[in-house]
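First up is the structure itself, then whatever we jot down about it.
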Amino acid sequence: MRRQIGPVGRATRAAYGVLLAFPVALFSFAVATDIAYLRTAEMQWSNFSAWSITVGLVFGGVALVCALLALLAGLRSGRRAPRLLHAAALALMCLLGLINAFKHSQDAWSSVGAFGLILSILTAVAALVAALVAYSGAMNEEAA
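Residue numbering for the sequence shown follows the numbering used here, beginning at 816 and increasing consecutively.
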């Protein structure tokens, strides 16, 4: 039997989708600006990266809190694995993003370099995995 989702459920899911779109876009933008910095050595690209990582962490942290609350609320349902994977991907994204933010707070070349670019790529991939699980519909009870 399918569970009916009311307008509050749809609105909540839509708001969460918008909230989750910010880390995906901002961490992907950080990868692009890191590459631009490595190609041009223009310091402003590194600043763009640091800013986008910081804002991505703010929205990603809020998304992580929401995902953890949904995981706790859904412990009784049979759809724990997708929620757990989503929360784990968001937690990894926030951890890598925090390390990346500290790395990007250094001066000039040492702020990006190979390690900063790799951190940015890994953070963006974790954000994309979290979004893929969330947007795939695997976490919805009505998909069962």
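Glycine included, C-beta positions come from ideal geometry on N, C-alpha and C.
Residue i, DSSP secondary structure in three states
| i | result |
| --- | --- |
| Ala916 | helix |
| Leu849 | Residue identity differs from the one stated: residue 849 is Asp in this sequence, not Leu. Three-state DSSP puts Asp849 in a helix. |
| Gly832 | helix |
| Ser843 | helix |
| Ser935 | helix |
| Phe837 | helix |
Counted within 10 angstroms of its Cβ, other Cβ atoms place residue i as buried (16 or more) or exposed
| i | result |
| --- | --- |
| Leu835 | buried |
| Thr855 | exposed |
| Phe917 | exposed |
| Arg895 | exposed |
| Ser920 | exposed |
| Ala829 | exposed |
| Leu887 | exposed |
| Leu911 | buried |
| Gly875 | buried |
| Pro822 | Legend: pLDDT at Pro822 = 44, less than 50; position of this residue unreliable, value from coordinates given subsequently. Flag for Pro822 reads exposed. |
Residue i: first and last residue of the uninterrupted alpha helix (DSSP H) it sits in
| i | result |
| --- | --- |
| Gln859 | 858–888 |
| His927 | The sequence shown places Val at residue 927, rather than the His named in the question. Careful: Val927 lies outside any alpha helix (DSSP H) and carries neither H nor E. |
Are at least three pairs of beta-carbons, each pair with one atom in the region 942–953 and one in the region 913–933, less than 8 Å apart? no
Quick check: the region 857–869 against the region 899–909, are there 3 or more CB pairs under 8 Å? no
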